[in-house]
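Just below is one structure, and these are the notes that go with it.
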Amino acid sequence: MIGLPANRLCCLLLLFLFVPAVVCGAPVTRTLSTAEPGAGEVVTVSLSIDGIDLGGVVETLPAGYAFAGTDHPDDRVVVRGQKIGFAVMNETRITYSVTAPASGSGDITGTWEDFLGESEGEVAASHVAVDGIETAAESGGEKPAAQEAASPFAVLATVAALLIAGRGGRR
Amino acid sequence: MKRLLLVLLLLLAVPASAADRIPGDTDGDGVLASGEYASAVLAYLDTAYMGGAGDLDRDDIRDAAWVYARWDGKPREVVDSSGQTVTLYRPLRRVVTFSGESLETLRSLGFDMDRVVAVDKYSHEKSTFFPECQNKANVGSIWSPDMEKVISVQPDTVFLYATISTAACDDIQQRLEASSPGIRVLRFDCFKPATYADEIRTIASIVDETERGEEFASYYESTMDQIRDGTAGIPDDEKTRVYFEYWFDYTTVAASAGYNEKTELAGGKNPFAVGTAEYPVVDPEAILVADPEVVVKLAGQGLAVGGYAGHDPEALDAIRSALVERPGWSKISAVKDDRVHVIHSDILGGAQHFIGTAYLAKWFYPDRFADLDPHAVHQRYLTGFQGIDFDLASEGTFVYP
């Protein structure tokens, strides 16, 4: 935080305001080792699971990104194209690796089910872009409902952040 | 045309109710091992989200998870009150109850009432007590079951009585088992003091609510034990003489009637208990000769006032007034001592019999049961176990005075 200019602080504040509203209460959350990998770099994806004893998670990778392995037992993982399915059996964390393409951006999306709790939902989307460069590449799967619901907030946050950043830059 | 429709429904119902193995038990050994469960999950995820083609649907995998987590991957065997052993390979998901007492017990146990898909006509009519059942299918009664309706809701489990109306219940069971292989028919009474505590625990085991079942069974037993303990050791000739009148005038209860059992549990002595008829009609003169110390009049279905359906103490008062004004009754001890009471069958005839029996005990032996508060027992049952918003201070009328 040391040395952060005021406009960046404002950006962070906006993110804190909006991002938790999207993911609040979700039993499965995703974190990435980096959202801007270099070409061919391996991104570590961690799924944090809270309150699901027996369930499942299906992750969908953006086109071009490739599943590269997981710490989850082999007999609890299924891979089909851009989709990876995990059987959740009392785990609180699942980590898997994704190899970034030479270029490309998109969202990692996910769906979870709690079989005992008889509920299901979406894992909030995580955006990745090789070297931070946005491309027109489509996500590997359909856009989830939760992501659609979150989009206006994300757009608002992004626009606000850009405006502030822009004003800061002109000073 | 109707028969054709029934046959069609039968054909449609068979696959839905075929529940003779645990989903995911691929080797068919009757146990869902960890590896089998994990494979089942992956097969389901692949089918549901990844473009694969498998057999397991969402209910299948949820049932598999239930059996794996709660039944240690094994089927659960239960012995119901008719003595039949029923093997459960899946939890109860689509339940039909032909018995309001079983329905009420399921609710006491915290069973998800959304899983009850159809109920008997009497429970359907009880809009105050079973408000959540108003939109469920009505399958009629055990004496006049609507089998087409039963089959159309594709139940996996049907509750019937165990030891009453056995011919009617046997017939329904046979028809269900013939039409829907794998359907679970469970038979419980849920109104008999001798067996209710055990039935609570067995049903709790079936729906995997053993902790709640123990809590409820203990609550039930604490009231019944207090009554039994309070009346234990009273010599027969010192027991309170009770004339118990059924809904209909001068109709009493004999030894084989459930109401007589509760009267005797509460320490009452019924001078008309002898005889083969369950509800014998008595000579009015015989009541005067018997000189009961307490009179209990039953209100309810055949004398439809009060109960959960309405707050109407005046109506029960009118019933009581009519009793004490009967010819010659002014000489009866119960009338002279102001010990004539009206009680509604809602709290004496079914799963709530422990509440009504507590009232009887208090009326028969006010000193022995000074600490027993049937009103409080009733309110806690409604609030703590039935989970319904019903304030006895302002709703319903169950006893008078």
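Chains as they are written, first to last, in my numbering: chain A, 1 to 171; chain B, 1 to 401. We put the CB at the ideal spot given by N, CA and C, even for glycine. Only a predicted model underlies this, so the values are computations on that prediction, with no experimental measurement involved.
Decide if the region 93-107 of chain B is in contact with the region 72-82 of chain B; the criterion is three or more beta carbon pairs, one per stretch, under 8 angstroms apart. Taking 8 angstroms as the limit for Cβ pairs, the verdict is that the region 72-82 of chain B does not touch the region 93-107 of chain B.
CB contact below 8 angstroms: residue 62 (chain B) versus chain A: yes
If residue 240 (chain B) sits next to residue 262 (chain B), beta carbons under 8 angstroms apart, how far is it from one beta carbon to the other, in whole angstroms? No, residue 240 (chain B) and residue 262 (chain B) are not in contact; Cβ-Cβ is about 14 angstroms, not under 8 angstroms.
Beta-carbon neighbours of residue 95 (chain B), restricted to chain A and to distances below 7 angstroms: Those do not exist, as residue 95 (chain B) stays about 16 angstroms from chain A at its closest Cβ, beyond 7 angstroms.
Looking only at its own chain, which residues have a Cβ that is under 6 angstroms from the Cβ of residue 342 (chain B), when we skip the five neighbours before and after it? 297, 299, 316, 319, 320, 400
List, in order along the chain, the chain B residues whose C-beta lies closer than 7 angstroms to that of residue 115 (chain A)? 61, 62, 65
For residue 111 (chain A), go through chain B and note every residue whose CB falls closer than 8 angstroms to its CB, in chain order. Within chain B, the residues near residue 111 (chain A) are 49.
For a cutoff of 8 angstroms on Cβ pairs, would you count residue 118 (chain A) as touching chain B? yes
Contact list for the region 22-54 of chain B against chain A, Cβ threshold 9 angstroms: Answer in chain order: 34, 35, 37, 38, 39, 40, 41, 42, 43, 44, 45, 46, 48, 49, 50, 51, 52.
Given a cut-off of 8 angstroms on the beta-carbon distance, is the pair residue 126 (chain B) and residue 141 (chain B) in contact? no
Secondary structure of residue 260 (chain B), DSSP reduced to three states: helix
For residue 336 (chain B), does the count of other Cβ atoms within 10 angstroms reach 16, so buried, or fall short, so exposed? Under this definition residue 336 (chain B) is an exposed residue.
Give the straight-line distance between the Cα atoms of residue 148 (chain A) and residue 123 (chain A), rounded to the nearest whole angstrom. Confidence is the limiting factor: at residue 148 (chain A) the pLDDT is only 39, short of 50, which leaves the residue's position unreliable and the question unanswerable from this model.
Which of the three DSSP states is assigned to residue 243 (chain B) in this structure? Correct three-state label for residue 243 (chain B): strand.
Return the residues of the region 193-214 of chain B that lie within a Cβ-Cβ distance of less than 8 angstroms from chain A, sorted by chain order. The residues in question: there are none.
Rounded to whole angstroms, what's the CA-CA distance from residue 253 (chain B) to residue 69 (chain B)? Just pull it up for me. 49 angstroms
Along the region 65-81 of chain B, where does the CB come closer than 9 angstroms to a CB of chain A? Name the residues. 65, 66, 68, 69, 70
Just verifying my parser: in three-state terms, what is the DSSP assignment at residue 224 (chain B)? helix
Test item: CB-CB of residue 205 (chain B) and residue 161 (chain B) under 8 angstroms: no
Complete beta strand (DSSP E) runs within the region 169-203 of chain B (minimum length 3 residues, chain order): 184-187
Is it true that the region 88-98 of chain B meets the region 20-36 of chain B, where meeting means three or more beta-carbon pairs spaced less than 8 angstroms apart? yes
Tell me the DSSP bridge mates of residue 138 (chain B)? Beta bridge pairing from DSSP links residue 138 (chain B) with B:119.
Checking contacts by CB at 8 angstroms: is residue 39 (chain A) closer than that to chain B? no
Any chance you could list the alpha helix (DSSP H) runs of at least 4 consecutive residues sitting entirely within the region 22-99 of chain B, in chain order? 34-49, 58-70
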